[in-house]
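Quick note on my numbering: the sequence shown kicks off at 2 and runs consecutively.
Positions of the beta carbon are idealized from the N, C-alpha and C atoms, including for glycine.
Please read all numbers here as calculations on a predicted model, not as lab measurements.
These notes are about the structure you will find just below.
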Amino acid sequence: SEAKELESKYVYNIARAFDRLHLNLKTSYPERTPGRRITSNIDVIKTRLREDISRPLFTNAYNADLKIKGEPKLPVVISKAHCEILDGYMSGIRQKIPMYYREARKRLKDDDYIIGFIKKSQEYQNREDKTISKKEIKAMRELIKTRLITYEAEDLGTITTAHELLKLTIKKYGEKV
């Protein structure tokens, strides 16, 4: 039970913050793009926290529950090197978010890209006349542009929160040198 609480606070609160990002973490972005770098950094951070914190916490709890005598407790610690790497990856995500949204705004110039959004809308799906007007494209472009500004600001706030949570995790589990 204590292991679950610690994992929730120091591992999964960070993962939940990542889940609040507006970019799709399940998308496979092209190589060397901001989207790819962001999702790769997030994967590394989640994996490292699971390996360094979750696994030893639960192994120790499991061994204690079974009352296995003489079984050494696994250290629940993030090495100094990994602390620096995790902090660097989180800073990298912070730097890539504006680039990701700049790239997204460039795509707004493409009418076909905007038409794709219109065709996915419920309103378009339900209507009989499937003709898409220039006015409709312009309105959708403005809507998406406004949303991207909001999403970028929210994502920067989310990453700042995730970074603060990571700092708490490092403070608790970071290797004391």
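Looking at the backbone, the Cα of S80 and that of K146 are separated by about 42 Å.
If you draw a straight line from the Cα of V77 to the Cα of I54, it is about 5 Å long.
Shortest Cα-Cα distance from T132 to any of I43, Y63 and G117 involves G117. With 16 or more other Cβ atoms from the protein chains shown falling within 10 Å of its own Cβ, Y174 counts as buried.
Excluding five sequence positions before and after G93, the CB atoms of its chain that fall closer than 7 Å to its own CB belong to R38 and N42, given in chain order. With contact defined as three or more Cβ pairs closer than 8 Å, the stretch 15 to 32 and the stretch 54 to 71 are not in contact.
Secondary structure of I133 (DSSP, three-state): coil.
As for any alpha helix (DSSP H) of minimum length 4 sitting wholly inside the stretch 7 to 31, the runs are 14 to 20, ordered along the chain. Ranked by how close their Cα comes to the Cα of T28, the residues G36, A140 and Y125 have G36 in first place. Secondary structure at G175: strand, using DSSP grouped into helix, strand and coil. In the three-state reduction of the DSSP assignment, I79 falls in the strand class. Shown here, T60 sits in a helix according to DSSP, grouped into three states. Under the three-state reduction of DSSP output, L149 falls in the helix class.
Spatial neighbours of F59 in its own chain (CB-CB distance under 8 Å, excluding positions within 5 residues in sequence) are listed in chain order as A4 and E8. Distance check between Y102 and each of I138, A82, R148 and L50 places R148 closest, using alpha-carbon atoms only.
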